[in-house]
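Have a look at the structure below before the remarks.
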Amino acid sequence: MSEEQRDAIEYDVHALQVKWQSYWDEHGTFRTDDPADTRPRKYVLDMFPYPSGDLHMGHAEAFAFGDIVARYWRQQGFNVLHPIGWDSFGLPAENAAIKRGVDPRDWTYANIEQQKTSFRRYGTSFDWSRELHTSDPEYYKWNQWLFLEMFKKGLAYRKASWVNWCPNDQTVLANEQVVEGRCERCGAVVEKQKKTQWYFKITDYADRLLDDLKQLEGSWPAKVIAMQRNWIGRSTGAEVDFAIEGRDEKVSVFTTRPDTLFGATFMVVAPESDLAAELAEGSTDAVRAAFADYRQQVQQSTEIERQDASRPKTGVFLDRFAINPVNGERLPVWAADYVLADYGTGAVMAVPAHDQRDLDFARAFDLPVRVVVDVNAPVTGAIPVIELDEQGDPILPELPDLNPAATGEALAGEGRLMNSGPLDGLSKQHAIKRIIEQLTADGTGRAAKSYRLRDWLISRQRYWGTPIPIVHGADGSLHPVPLEQLPVELPRTEGLDLQPKGQSPLGAATEWVETVNPVDGSPALRDTDTMDTFVDSSWYPLRFLSANDETRAFDPAEAEKWSPVDQYVGGVEHAILHLLYSRFITKVLYDLGHITFTEPFKALLNQGMVLMDGAKMSKSKGNLVEFVEQLDQYGADAIRVTMAFAGPPEDDIDWADVSANGSAKFLARAFRLAKDVTSERDVVWKGGDEKLRRQTHRLLADAPGLTEAFKFNVVVARLMELVNATRKTIDSGAGAGDPAVREATEAIALVLSIYAPYTAEEMWSVLGYEGSITSFGWRKADPTLLVEQSVTAVVQVDGKVRDRVDVPPTIDPDALQALALETAGAKRAIGDKAIVNVVVRAPRIVSISTK
């Protein structure tokens with residue numbers, strides 16, 4: 001019988017899974033509700049899953065990494081909170097239920113049970129006593145409480161505006177849920193419609209959301225921080241007030257270049273804006289008709305199409321004029337689709353000489369182009385160096401043509417102001433300062449900031465979500481549902497048609513909709529929209545702290561003990577949506593006095609994707625790998641080790657390039673070490689093989705730092721090396737009774753418990769220990785064994801390794817060279833050839849080149 005066959009017989013991973021799952025459940029190994037527990041605390045959290053079908057290979061990767069972190073800190077002596085729940089409201093479950101003709105509850109909770117079974121098999125160290133589902137009334141009651149807290153503070157409000165509309169899912173979308181003009185969930189091209197919707201005023205927190213990112217630098221991926229900064233998109237400049245002929249109220253325009261005001265030659269307003277409609281209405285019949293046609297045409301285009309700089313410019317002159325506050329010039333006002341309604345006020349001052357979009361429009365409609373920045377003029381006072389040609393004449397640089405109307409290229413560079421009255425000769429920086437001072441003094445403008453970020457649209461015209469706890473009076477007044485009447489529960493689906501029709505299906509639940517005004521008892525109607533599911537996930541880490549508390553959303557004392565989350569694990573696809581919303585709600589709760597911290601997650605780990613043959617897994621591509629099938633074939637530990645060993649967590653994993661079978665064989669070899677150990681637990685290790693002991697203690701010393709740096713693959717590689725070295729010692733003269741073999745095997749089990757918990761638990765039991773290995777703690781390295789008494793120097797000849805030699809770590813380079821030249825391998829490789837060069841990097845390598 002081969003060694004591999006013997007390993008497989010002794011190592012029954014499926015039996016170990018059943019045994020240790022039962023043990024952990026029976027002993028509450030991972031519960032964290034003991035008030036007498038005085039260990040320091042760590043809160044490790046995975047982005048909770050959506051229950052659509054069973055777990056997939058992406059889950060296998062993400063939750064393996066989260067569990068590695070949780071088990072590591074537990075081994076380091078911390079009381080680790082590692083909870084689990086389900087993000088169980090939302091469109092996918094509702095759509096699946098509609099397709100199958102079932103209640104979304106039935107579909108959702110059946111999937112939860114399926115995923116829960118797979119999680120248990122996978123050996124994740126969750127505190128199951130804190131399990132939650134966001135679709136439970138016991139959870140979404142507190143969603144409604146949060147909404148009402150924000151409503152009282154003016155942070156939740158309702159308004160009519162142009163919104164993103166998904167024609168497929170028949171619901172509105174937040175800006176963050178539109179990716180390249182398409183619905184982030186279903187991929188349908190998003191349309192613009194005007195609707196009255198509920199919003200959270202996230203823009204009130206734009207500066208804090210941006211500035212507080214500095215707290216997260218070094219502990220969050222730089223990519224995520226950059227994505228959030230770009231999404232918030234703070235710009236500084238000025239608001240300039242333009243009078244419109246025939247209109248009492250002025251129009252405020254935001255610009256980052258108020259220094260170019262003297263170069264404004266027309267104004268552009270977004271066709272879908274209320275301002276454009278108002279200006280057209282006050283114009284001639286011909287203009288009104290042309291504008292109506294143009295507006296309808298614009299609504300056929302997506303925002304991504306409208307922002308395409310290569311598109312021909314289109315527009316309609318509204319036959320109205322704005323007055324430039326700095327020079328009194330009349331500026332024709334146009335409606336054009338390259339301006340969007342949600343940028344500033346939906347109006348821009350057009351400076352075609354210095355903005356390419358404005359220039360393209362001006363050239364298309366023969367509008368004036370005035371240069372007000374001399375881009376040839378030096379910005380600083382430095383004297384330029386003039387080179388001379390062979391005849392001694394100065395070589396003058398080619399200067400840009402200052403006629404954009406002719407060249408078609410806007411002058412976007414730095415320079416000094418010209419054709420700008422009091423600003424002439426000033427640099428951009430000084431001109432901006434001067435013009436803002438002038439505008440402020442004249443009462444026609446002010447310094448200002450603008451943001452790409454827009455308020456969070458939270459209402460959805462779908463059934464499967466948290467009902468909005470607002471009652472509408474007969475007079476249109478809005479009244480919050482009293483706290484004692486929460487939760488406002490979803491009605492059952494019997495008799496309801498859940499097919500999306502552009503209005504919430506809840507509107508047809510007459511008995512549910514018809515209610516009374518909580519103020520005076522008069523007839524009233526419930527709000528029929530439900531909340532975006534990102535509201536559910538914006539605060540769920542706090543609910544885990546008090547998952548079974550029926551009296552409050554969370555206990556502030558528990559929040560003080562456990563929060564913020566020490567380590568958050570999940571996909572980078574949530575960099576803007578979920579993470580931005582969570583940061584916002586955390587700051588709101590801080591301002592409301594419910595918590596004492598302003599950021600929800602101290603550290604963030606993003607995992608890559610799990611691919612198959614270089615492509616994302618899908619049934620249609622025929623490259624889907626089923627997680628449960630892999631569990632059945634290889635066992636949980638082998639999959640976990642494969643994920644950890646595949647590479648850095650943030651990199652994608654191609655399942656075709658890794659080997660779960662190889663991981664299973666490695667674990668069987670590790671397990672057989674425990675079976676082979678013959679020395680007793682109290683054996684004195686100092687008498688064992690010193691080389692093996694040094695390798696053991698080097699792993700114990702290095703594994704913590706490697707794990708905290710998320711270099712899981714390096715730790716697994718070092719474990720494999722130690723397993724091989726221990727086997728080599730067993731097979732040598734010392735045998736399985738060598739004390740160093742027991743010491744190494746115990747160290748292997750302790751480190752392996754982080755990656756392959758079932759195997760490690762059984763190894764620990766075979767080695768004579770009672771209870772779970774998770775409660776043993778980390779074994780400290782002996783510093784005396786970390787001092788290298790010798791290192792292995794590699795001897796290369798013409799780039800190929802020819803020999804190795806053990807030398808003192810302090811060996812002199814000349815001595816190492818002499819020793820290398822005398823090795824048998826080097827002599828054979830050199831032969832009669834002449835040595836032309838020797839490079840010595842003591843004490844590790846000697847490289848010999850010959851001719």
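Residue 1 is where the sequence shown starts when you use the UniProt record's numbering, and the numbers rise one by one after that.
Note that the Cβ used here is the ideal one computed from N, Cα and C, for glycine as well.
Since we're looking at a predicted model, the values are computed, not measured.
- At a Cβ-Cβ threshold of 7 Å, A350 and D342 do not count as neighbours.
- Ranked by Cα distance from G733, the first of D689, L367, P704 is D689.
- Taking a C-beta distance under 7 Å as the contact criterion, G825 and R802 qualify as a contact pair.
- In this chain, S310 is not harboured by any beta strand (DSSP E), its DSSP state being neither H nor E.
- Straight across, the Cα-Cα distance linking A668 with Y11 is about 6 Å.
- Distance from the CA atom of T678 to the CA atom of S118, rounded to whole angstroms, is 37 Å.
- Separation of the CB atoms of W86 and V44 is rounded to 18 Å, and the pair is thereby denied contact status at 8 Å.
- The secondary-structure analysis by DSSP pairs G237 across a beta bridge with A448.
- Cα atoms of A749 and R130: separation of roughly 29 Å, rounded to the nearest angstrom.
- Between the alpha carbons of I754 and T784 lies a gap of roughly 26 Å.
- Nearest in C-alpha terms to K691, of all of K195, V791, H594, is V791.
- As for any alpha helix (DSSP H) of minimum length 4 sitting wholly inside the segment 544-594, the runs are 556-562, 577-591, ordered along the chain.
- If you draw a straight line from the Cα of F321 to the Cα of L331, it comes to about 5 Å.
- Three or more Cβ pairs drawn from the segment 220-236 and the segment 451-458 lie within less than 8 Å of each other, which places the two stretches in contact.
- Here E217 carries a strand assignment [DSSP, helix/strand/coil].
- Exclusion of the five residues before and after S546 leaves R552, A553, F554, D555, E558 as the residues of its chain whose Cβ lies within less than 8 Å of its Cβ.
- For A60 and D657, the gap between their C-alpha atoms comes out near 16 Å.
- Judged by DSSP in its simplified three-state form, P104 adopts helix.
- With a 10 Å radius around the Cβ and a threshold of 16 neighbouring Cβ atoms, L579 comes out buried.
- In the DSSP assignment, F126 falls outside any alpha helix (DSSP H), carrying neither H nor E.
- Put simply, the backbone Cα of G123 is about 23 Å away from that of L700.
- The count of Cβ pairs closer than 8 Å, one atom from the segment 467-475 and one from the segment 518-538, reaches three, so the stretches are in contact.
- Contact between the segment 134-141 and the segment 482-499 is present: three or more C-beta pairs spanning the two stretches fall below 8 Å.
- Following the DSSP letters along the chain, one finds D358 inside the alpha helix (DSSP H) bounded by residues 356-364.
- K214 is classed as exposed because its beta carbon has fewer than 16 other beta carbons within 10 Å across all chains shown.
- Every unbroken stretch of the beta strand (DSSP E) spanning 3 or more residues and falling wholly within the segment 20-79 is given here in chain order: 41-46.
- In the three-state reduction of the DSSP assignment, A509 falls in the coil class.
- In the three-state DSSP reduction, S459 falls in the strand class (E or B).
- Between P404 and L411, the gap from beta carbon to beta carbon is short of 7 Å.
- If you compare the alpha carbons of G90, D401, S310 with that of Y50, the shortest gap goes to G90.
- Per DSSP, the unbroken beta strand (DSSP E) holding A335 starts and ends at 330-336.
- Exposed is the label assigned to T196, since fewer than 16 other Cβ atoms lie within 10 Å of its Cβ.
- In this chain, K192 is not harboured by any alpha helix (DSSP H); it is covered by the beta strand (DSSP E) spanning 191-200.
- Between the segment 150-166 and the segment 185-194, the count of C-beta pairs closer than 8 Å reaches three or more; the two stretches touch.
- Contact check for D424 against I468 fails: the beta carbons are separated by 7 Å or more.
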